[in-house]
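K.L.:
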Amino acid sequence: MAAAAHKPLAAITADDLAAAGAPEPAALHSAVRGALGAASGRGPAAVWGELSRGVLRPGVPFAVHRMLYYGCYAGSPSTTPPAWTPDPEEAALTNVGRVLEARGSEIIGEAYKDPVTSFRDFHKFSNENPEAYWKMVFEEMGITFSVAPSCILRDSDAYPGGEWLPGAVLNAAANCLTAKPGRTSSDVAIVWRDEGKDSEPLNFVTVEELRKKVCLVANALDALNLAKGSAIAIDMPMNVNAVVIYLAIVLAGYIVVSIADSFAAPAISTRLKISEAKAIFTQDCILRDDKELPLYSRVVEAKAPMAIVIPARGSTPIKGLRTDDLSWEDFLGRADRTTAGIYTAVEQPAYQFSNILFSSGTTGEPKAIPWTHLTPLKAAADGWCHMDIRKGDVVAWPTNLGWMMGPWLVYASLLNGASMALYNGSPNSSGFAKFVQDAKVTMLGVVPSIVRTWKNTDCTAGFDWSNIRCFSSTGEASSVDDYLWLMGRACYKPVIEYCGGTEIGGGFITGSLLQPQALSAFSTPAMGCNLFILDSNGNPLPHDSAGIGELALDPTLFGSSTTLLNADHHEVYFSGMPEWNAKVLRRHGDEFERTADGYYRAHGRADDTMNLGGIKVSSIEIERICNRVNDAILETAAIGVPPVGGGPEQLTIAVVFKDQSPQAEDLNQLKLMFNSALKKLNPLFKVSSVVVVPSLPRTASNKVMRRVLRKEFTQAKHSKI
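The number in this note's numbering is simply the position in the sequence shown, starting from 1, with 85 added.
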């Protein structure tokens, strides 16, 4: 069914609400009229605040939520209307709010008013006064150094943007296992549950129990007699054992090699060779959706070095190990049990490698990106400031140690004194939804494809997510409707969009609980980050001006990479980039837009743009419109396909339907609907063809590979000649 025009809120009747499925339409209509009166004269955002906070609940059909949200903003010129606005009293209780209430006048000066009003001034302070800002953040998080840095930042030709924490010596893992402000050794570090045991009690690991487990593994690692600084891989699901192993490798002065458990043998082999890993931790298999997926056999096929193999089912003996491989039990048995719970951390210089991660590597060899002992501090600082992670929080984010959000989750939780929530199973299930409820998750991280699945299957229905204080989303562009639905599951808590990269160690653009948040949009550059949008000539647009172009970063960015193992770092990130204030800007490669409202929208990779009739437009901008044209559409991909014989690109829309594909005449009708909807974006844009596909090709990190579709569609055109 085609999307209808949105009625203004004042014009919505009880009959309209009943048609949308409202259980008590007359009562709801009365509440809507009350919200209009309560917010009279304060604008549509205030009206929506009244409705979302006081009227709408998860049990009300989403069609009603959607009708009222769009009704509030019907006729508004804004392209990024806020879906959530901070409450001043709640804002004052956030990490940043507490600091500003205590020290706002000292930090910002006489211009300080309150945490919400002065947030942008605080962001400016983080860029202009890195010495004061980062010292304050490290104190707030309780970061300890065995040798303190001589300063926070100093000029250095060896490091783009300068050298951070010169002379500092620390161990990032040790900082996860020590006392934090207000945290004791008996506090919960990890809460977890296995898939299929959804009615059983939760499992807990305290800070002290985690410390002892990590020390045991660190002692067993030393018994392998590997040289300090050796690379040791992890290829397994993100469970308690994986977290323990990760922290132990770093604690003991080795380097983690992160490999996603979804990879086939060739991809595993490539990463082991690039990193020169000396050992690998893995499982015999992965238990997911009542299936056993082989893992150890893939590691063997990859010709991995010595493997330590953990049984997926408790203490089940593992048979058929290679001669030099070890069972988990035998590995732990190598540690001296009299001192197994004690380990002195290997303190290291700040720029010593702690982890090797990899880019997606969809074409060619993946980039090997080292994290140092600084990078975890960047990840945790983002969590402290932007997601407001603090003691008492429970943080869940379905991910894997093979991707940067795995280590990010470890550090952002533990360095901020929060608990990490791990579900050993598929997140696309009612079991995971119940785990979020039972674990009382307060910050839930997502990727848009998971949210889309939840919405389409309704697997979260009936579960209480009211403990959630905020969501956060990364990995790909999100959908306005999907995220409106998501917010509604937790009584309209905000979604903090988060975009960065493995080489950044976190985000460069995100949101804040001290700013209004719009759906599928970013409200601020990350703290300590100054970003630029480049015009068509490669020059930075004026700050605070609306525009669209490739995004570039100020190189003075704490925690970001300074080297690559298998590529020229300068060539990849700096070569050919413009200067700003005598500094060469850092390339990122994403296309971004700054709206007239001051929000930012991601438009995918710069190479995911197309030229339609001489107008540069991003695929995601078109997809946002096409995805909402018909309720039968699951998702779309917009591809610019060059015609046979050359000429301007022609717009092809790849469509994935929720159910079976329609007949040919329905595709013609869909093409007309696409063209009609795209007129609102630009009347010159015209869809040339619609192609039905069973699914969109994606990287292992879930990014749509439009170049694959472009190649396929181009070849199909040429084959018809």
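Ideal Cβ placement from N, Cα and C applies to all residues, glycine included.
Are residue 778 and residue 737 touching if we call contact CB-CB under 8 Å?
P.N.:
No, the pair does not count as a contact, with Cβ atoms beyond the cut-off.
K.L.:
Please return the same chain residues whose Cβ sits closer than 6 Å to the Cβ of residue 99, not counting the five positions on each side in sequence.
P.N.:
110, 111 and 114, listed in sequence order.
K.L.:
Which two residues bound the contiguous beta strand (DSSP E) that contains residue 735?
P.N.:
Looking at the DSSP string, the run of the beta strand (DSSP E) that includes residue 735 is 735-742.
K.L.:
By how many angstroms is the C-alpha of residue 615 removed from the C-alpha of residue 626?
P.N.:
Each residue's alpha carbon lies about 13 Å from the other.
K.L.:
Leaving out the 5 sequence neighbours to the left and right, which residues in its chain are closer than 8 Å to residue 675 when beta-carbon positions are compared?
P.N.:
Here the set comprises 584, 635, 636, 687, 688, 689, 690 and 691.
K.L.:
Could you give the distance in angstroms between the alpha-carbon of residue 422 and the alpha-carbon of residue 505?
P.N.:
Near 28 Å, if we compare the C-alpha coordinates of residue 505 and residue 422.
K.L.:
Hey, could you find the ends of the beta strand (DSSP E) residue 608 is sitting in?
P.N.:
Premise fails: residue 608 is in no beta strand (DSSP E) and is neither H nor E.
K.L.:
Apply the 10 Å Cβ neighbour rule to residue 174 and answer buried if 16 or more other Cβ atoms are within range, or exposed otherwise.
P.N.:
Exposed.
K.L.:
So, does the segment 470-479 touch the segment 648-667, judging by three or more C-beta pairs under 8 Å?
P.N.:
Judged by Cβ distances under 8 Å, the segment 470-479 makes no contact with the segment 648-667, as fewer than three pairs qualify.
K.L.:
Excluding five sequence neighbours on each side, which residues of the same chain lie with their C-beta closer than 6 Å to the C-beta of residue 403?
P.N.:
Around residue 403: 369, 394, 396 and 412.
K.L.:
Look at residue 525 and residue 503 and say whether their C-beta atoms are less than 8 Å apart.
P.N.:
Going by C-beta atoms, residue 525 is not nearer than 8 Å to residue 503.
K.L.:
Going by C-alpha to C-alpha distance, which of 156, 116 and 408 sits closest to residue 93?
P.N.:
The option with the nearest alpha carbon to residue 93 is 156.
K.L.:
Within 8 Å of any Cβ in chain C, is that where the Cβ of residue 374 sits?
P.N.:
You won't find chain C in this structure, because it holds only one protein chain.
K.L.:
Less than 6 Å between C-beta atoms, sequence neighbours within five positions excluded: which residues of the same chain meet that for residue 793?
P.N.:
Hits under 6 Å: 782.
K.L.:
Please list the terminal residues of the continuous alpha helix (DSSP H) segment that includes residue 220.
P.N.:
Residues 215-226.
K.L.:
Report yes if the CB atom of residue 649 is closer than 8 Å to the CB atom of residue 710, and no otherwise.
P.N.:
No, they are not a contact pair.
K.L.:
State the Cα-Cα distance for the pair residue 209 and residue 364, rounded to the nearest angstrom.
P.N.:
Whole-angstrom Cα-Cα distance: 45 Å.
K.L.:
Helix, strand or coil: which one does DSSP assign to residue 178?
P.N.:
Note: residue 178 maps to coil in three-state DSSP.
K.L.:
Can you tell me whether residue 467 is buried or exposed? The criterion is at least 16 other CB atoms within 10 Å of its CB, across all chains shown.
P.N.:
Answer is buried; the Cβ neighbour count reaches 16.
K.L.:
With DSSP as the reference, identify every bridge partner of residue 582, one or two as the case may be.
P.N.:
Paired residue(s): 558.
K.L.:
Which same chain residues, not among the five before or five after residue 705, have their C-beta less than 6 Å away from its C-beta?
P.N.:
If we look at residue 705 and ignore the five residues flanking it on each side, its Cβ neighbours are 562, 688 and 689.
K.L.:
Using only the alpha-carbon positions, how far apart do residue 814 and residue 361 sit?
P.N.:
Because the chain is modelled from 86 through 806, residue 814 falls outside the range shown and cannot be assessed.
K.L.:
For the segment 322-362, which segments carrying the beta strand (DSSP E) assignment without a break, of at least 3 residues, lie completely within its bounds, in sequence order?
P.N.:
Counting only runs of 3 or more, we get 340-343.
K.L.:
Sorted by chain position, which residues of the same chain lie with C-beta nearer than 6 Å to residue 276's C-beta, five sequence neighbours on each side aside?
P.N.:
The answer, listed in chain order, is 287, 289, 504, 506 and 524.
K.L.:
What did DSSP end up calling residue 668 once you bin it into helix, strand or coil?
P.N.:
Of the three classes helix, strand and coil, the one that applies to residue 668 here is strand, per DSSP.
K.L.:
Secondary structure at residue 489, three-state DSSP: helix, strand or coil?
P.N.:
In this structure, residue 489 counts as coil in the three-state DSSP scheme.
K.L.:
Considering Cα atoms alone, identify which of 242, 300, 218 and 313 is closest to residue 667.
P.N.:
It is 242 whose Cα lies nearest to the Cα of residue 667.
K.L.:
Using the rule of at least 16 other Cβ atoms within 10 Å of the residue's Cβ for burial, across every protein chain shown, is residue 591 buried or exposed?
P.N.:
Buried, since its Cβ has 16 or more Cβ neighbours within 10 Å.
K.L.:
With a CB to CB cut of under 8 Å and the five nearest residues on each side skipped, what residues in its chain are close to residue 632?
P.N.:
Same-chain partners within the cutoff: 618, 620, 626, 678 and 679.
K.L.:
Only counting the same chain, and skipping five residues up and downstream in sequence, which positions put a Cβ closer than 6 Å to that of residue 644?
P.N.:
459, 460, 463 and 590, listed in sequence order.
K.L.:
Closest by CA to residue 392, which one among 408, 377, 379 and 398?
P.N.:
Residue 408 is the option with its Cα nearest to residue 392.
K.L.:
With respect to the beta strand (DSSP E) encompassing residue 718, which residues constitute its N-terminal and C-terminal limits?
P.N.:
That run of the beta strand (DSSP E) goes 718-726.
K.L.:
Ends of the alpha helix (DSSP H) at residue 515?
P.N.:
Its alpha helix (DSSP H) spans residues 515-523.
K.L.:
Alpha carbons only, please: which of 152, 258 and 199 is nearest the one belonging to residue 569?
P.N.:
Nearest option by C-alpha distance: 152.
K.L.:
Assuming residue 487 contacts residue 346 under a Cβ cut-off of 8 Å, what Cβ separation, rounded to an integer in Å, is found between them?
P.N.:
Confirmed, about 7 Å.
K.L.:
I need the straight-line Cα distance from residue 452 to residue 565, nearest angstrom please.
P.N.:
Computed Cα separation, rounded: 32 Å.
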